[in-house]
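*Asks:* Dropping the structure in here first, questions after.
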Amino acid sequence: MTRPAWSEVPKAQVDRFAAVALGGAQELAEEILGEIRREYPHLKLVEDESGEPMALVGIRRAIEGFVHNLASGAGRPRVPPEVFQEFGRGEGRDGRSLDSLQATYRLGVRLAWRRFAEIGQQVDIAAPAMYELAESGFEYLDGLVEQSVRGYAEAAARRAGERLRLQRQLIDLLLVEHRGDPPGTLAERAARISWELPTTVAVGVLVRPAREAVAPAVEQGILLDMESEQPRVVIPEPCTAGRAETLRRATAGWSGAIGPPVPLAAAARSLRWAETAVRLVACGLLPDGEVLNCTERTEELVLLPSGELIDAAARRCLAPLEGLAPTQSRRLAETLLAWMETAGGAPEVAHRLGIHPQTARYRLRQIRELWGDVLEDADRRFEMLLVLRARRLRGELGDTADREGWPRESVGVTPRP
Numbered sequence: 005m006t007r008p009a010w011s012e013v014p015k016a017q018v019d020r021f022a023a024v025a026l027g028g029a030q031e032l033a034e035e036i037l038g039e040i041r042r043e044y045p046h047l048k049l050v051e052d053e054s055g056e057p058m059a060l061v062g063i064r065r066a067i068e069g070f071v072h073n074l075a076s077g078a079g080r081p082r083v084p085p086e087v088f089q090e091f092g093r094g095e096g097r098d099g100r101s102l103d104s105l106q107a108t109y110r111l112g113v114r115l116a117w118r119r120f121a122e123i124g125q126q127v128d129i130a131a132p133a134m135y136e137l138a139e140s141g142f143e144y145l146d147g148l149v150e151q152s153v154r155g156y157a158e159a160a161a162r163r164a165g166e167r168l169r170l171q172r173q174l175i176d177l178l179l180v181e182h183r184g185d186p187p188g189t190l191a192e193r194a195a196r197i198s199w200e201l202p203t204t205v206a207v208g209v210l211v212r213p214a215r216e217a218v219a220p221a222v223e224q225g226i227l228l229d230m231e232s233e234q235p236r237v238v239i240p241e242p243c244t245a246g247r248a249e250t251l252r253r254a255t256a257g258w259s260g261a262i263g264p265p266v267p268l269a270a271a272a273r274s275l276r277w278a279e280t281a282v283r284l285v286a287c288g289l290l291p292d293g294e295v296l297n298c299t300e301r302t303e304e305l306v307l308l309p310s311g312e313l314i315d316a317a318a319r320r321c322l323a324p325l326e327g328l329a330p331t332q333s334r335r336l337a338e339t340l341l342a343w344m345e346t347a348g349g350a351p352e353v354a355h356r357l358g359i360h361p362q363t364a365r366y367r368l369r370q371i372r373e374l375w376g377d378v379l380e381d382a383d384r385r386f387e388m389l390l391v392l393r394a395r396r397l398r399g400e401l402g403d404t405a406d407r408e409g410w411p412r413e414s415v416g417v418t419p420r421p
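In this text, residue positions in the sequence shown follow the working numbering: the first is 5, and each later residue adds one.
Encoded structure:
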């Protein structure tokens, strides 16, 4: 807003002040630029089409704009946005911070104020009005910084968007099953985003907890593609100490799966396992609400997707159970599985199932009668083990058959077979 003391300065004095300041604007701009070059010798200066440094153009325009504003008696000085936004864009494009740019602005305002103070004395402007002029100068500095920050943010957003685009291209190339690209193409794509090619990778698939979910804050070096319906993540050197725990914390609240570690050239295979795990989660066969590690779910990933093969094998190797009541069939299947997993006798089976040893012996005798010498064949036992474990994973068999034997026995009730 217009300052009270400045508004009382006679117009003739204001006009003289403006005339002198504008007449020396080019000289003052050159002086400021020269001082900036001495103070910041490594500062990159860009030239316009005429070969004149854009910094010189910007300084001169800033001086002229400030003086014209004072002479007109307008409100807060208006900053010429184009040049100073471009300064900010340049810093953003080159990946630098705005610290040095803001320092040069402060230097320029300080030198400009020194010159304006001299002009104020020449035209006899009172000290209170000059103090207000100094305050307006610092407001003007804030405006210059604001314009540069706007340009910087725009350039940084474009730079980040370009990096994400190149990152997605790299991920797409990594996950092609049989790449036919010329040697070196992958390394060239990786170099564009400064990604060092790892020896091994693990590839994951994420399931969004909500449509507008914020991307997981993965550590630097992990590639993340949030544009896919199911975001993909590529973890370099996944066996590095602490990496799994860091990723677990970063993906808290998300669902999905991370495939097994594989050589870089086999990244697509890791992705396939992760996709298989996510499908099993969707079917309710694996737990939801967390990002699973496929290497910790080997049994499920091997057996559950093979449903047709498992069912065909079950019809053959579990044929002796046909014709039995469903409850008896399930109990005998659970007992058979416990016997094969413990490789023990009735006491071990009883402990595993939580039943009375007498009940375990009875069931084991039934199993021997039903299968006979087949139980001596290692290959047939292994096939039955796979079938029974698959059934347990699908929820068709319990982790323990029943625990009715122990409490019933304790009150004098004979345990059921």
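Heads up, the beta-carbon is just placed ideally off N, CA and C, and yes, glycines get one too.
Considering Val3, what are the terminal residues of the beta strand (DSSP E) in which it resides?
*Replies:* Given that the chain is displayed from residue 5 to residue 421, the structure contains no residue 3 and the question cannot be resolved.
*Asks:* Can you pull the DSSP bridge partners for Ser259?
*Replies:* Ser259 pairs with Val211.
*Asks:* I'd like the ranges of any alpha helix (DSSP H) spanning at least 4 consecutive residues and lying wholly in the region 124-149.
*Replies:* List check, alpha helix (DSSP H) in window: nothing returned.
*Asks:* Leaving out five residues before and five after Ala75 in sequence, what residues of the same chain have Cβ atoms less than 7 Å from its Cβ?
*Replies:* These residues qualify, in order along the chain: Val18, Asp19, Ala22.
*Asks:* State the Cα-Cα distance for the pair Arg247 and Ala138, rounded to the nearest angstrom.
*Replies:* C-alpha separation (whole angstroms): 54 Å.
*Asks:* Does DSSP put Ala9 in a helix, in a strand, or in coil?
*Replies:* Helix.
*Asks:* Find the nearest neighbour of Arg236 within the set Ala256, Arg196, Glu279, judged by alpha-carbon distance.
*Replies:* Among Ala256, Arg196, Glu279, the Cα nearest to that of Arg236 belongs to Glu279.
*Asks:* Mind listing, in chain order, the continuous alpha helix (DSSP H) runs of no fewer than 4 residues lying wholly within the region 45-114?
*Replies:* Complete alpha helix (DSSP H) runs here, min 4: 58-76, 85-97.
*Asks:* For Ala159 and Gly92, what's the separation of their Cα atoms in angstroms?
*Replies:* Looking at the two C-alpha atoms, the distance is approximately 8 Å.
*Asks:* Extract the residue ranges of the beta strand (DSSP E) inside the region 268-327, only unbroken runs of 3 or more that lie entirely within it.
*Replies:* List check, beta strand (DSSP E) in window: 295-297.
*Asks:* Helix, strand or coil for Thr339 per DSSP?
*Replies:* Three-state result, Thr339: helix.
*Asks:* Could you say which of Ala272, Ser259, Pro265 lies nearest to Leu284 if we only look at CA atoms?
*Replies:* Nearest of Ala272, Ser259, Pro265 to Leu284, Cα basis: Ser259.
*Asks:* Count the C-beta pairs between the region 144-163 and the region 195-203 that are closer than 8 Å, then say yes if the count reaches three, no if not.
*Replies:* Cβ pair count under 8 Å is below three, so no.
*Asks:* Taking 8 Å as the threshold, find out whether the region 302-313 comes into contact with the region 371-389 through three or more Cβ pairs.
*Replies:* No: fewer than three Cβ pairs fall under 8 Å.
*Asks:* Can you tell me whether DSSP reads Pro421 as helix, strand or coil?
*Replies:* Confidence at Pro421 is low in this model, with a pLDDT of 41, below 50, so its placement is unreliable and the value that follows should be read with caution. Coil, per DSSP.
*Asks:* Assign Val180 to buried or exposed, taking buried as 16 or more other Cβ atoms, counted over all protein chains shown, within 10 Å of its Cβ.
*Replies:* The residue in question, Val180, is exposed, as its Cβ has fewer than 16 Cβ neighbours within 10 Å.
*Asks:* Let me know if Gly416 comes out buried or exposed under the rule of 16 or more other beta-carbons within 10 Å of its beta-carbon.
*Replies:* Caution is warranted here: a pLDDT of 30 is assigned to Gly416, below 50, making its placement in the model unreliable, and the coordinate value is therefore given only provisionally. It is exposed - the Cβ of Gly416 has fewer than 16 other Cβ atoms within 10 Å.
*Asks:* How big is the Cα-Cα spacing for Ala33 and Arg97?
*Replies:* Using only the alpha carbons, I get a separation of about 25 Å.
*Asks:* Does DSSP put Asp229 in a helix, in a strand, or in coil?
*Replies:* In this structure, Asp229 counts as strand in the three-state DSSP scheme.
*Asks:* Name the DSSP bridge partner or partners of Thr204?
*Replies:* Note: Thr204 sits in a beta bridge opposite Pro267.
*Asks:* Going by DSSP in three states, Ile359 sits in which element: helix, strand or coil?
*Replies:* Three-state DSSP puts Ile359 in coil, outside helix and strand.
*Asks:* Out of Ile40, Met230, Pro8, Arg212, which has the shortest C-alpha to C-alpha gap to Pro132?
*Replies:* Measuring from the Cα of Pro132, the nearest candidate turns out to be Pro8.
*Asks:* Which stretch, first to last residue, makes up the alpha helix (DSSP H) that contains Val238?
*Replies:* From DSSP, Val238 is part of no alpha helix (DSSP H) but of the beta strand (DSSP E) over 236-240.
*Asks:* How would you write the range of the alpha helix (DSSP H) that Gly402 sits in, first residue to last?
*Replies:* Neither: Gly402 is in no alpha helix (DSSP H) and is coded neither H nor E.
*Asks:* Which residue's Cα is closest to the Cα of Gln173: Thr204, Val238, Arg334?
*Replies:* It is Val238.
*Asks:* Return the CA-CA distance between Arg372 and Glu380, expressed in angstroms with no decimal places.
*Replies:* Cα to Cα, Arg372 sits roughly 10 Å from Glu380.
*Asks:* Would you please state the rounded distance, in angstroms, between the beta carbons of Leu325 and Leu336? I believe it to be under 8 Å.
*Replies:* With 8 Å as the limit, Leu325 and Leu336 qualify as a contact, their Cβ atoms being about 6 Å apart.
*Asks:* For the alpha helix (DSSP H) that contains Thr189, what are its first and last residues?
*Replies:* Unbroken alpha helix (DSSP H) run through Thr189: 189-196.
*Asks:* State the CB to CB distance for the pair Pro242 and Ala272, rounded to an integer number of angstroms; the pair is presumed to be in contact (CB under 8 Å).
*Replies:* With a Cβ gap of about 16 Å, Pro242 and Ala272 do not count as contacting.
*Asks:* Any idea what DSSP makes of Val222, helix, strand or coil?
*Replies:* Of the three classes helix, strand and coil, the one that applies to Val222 here is coil, per DSSP.
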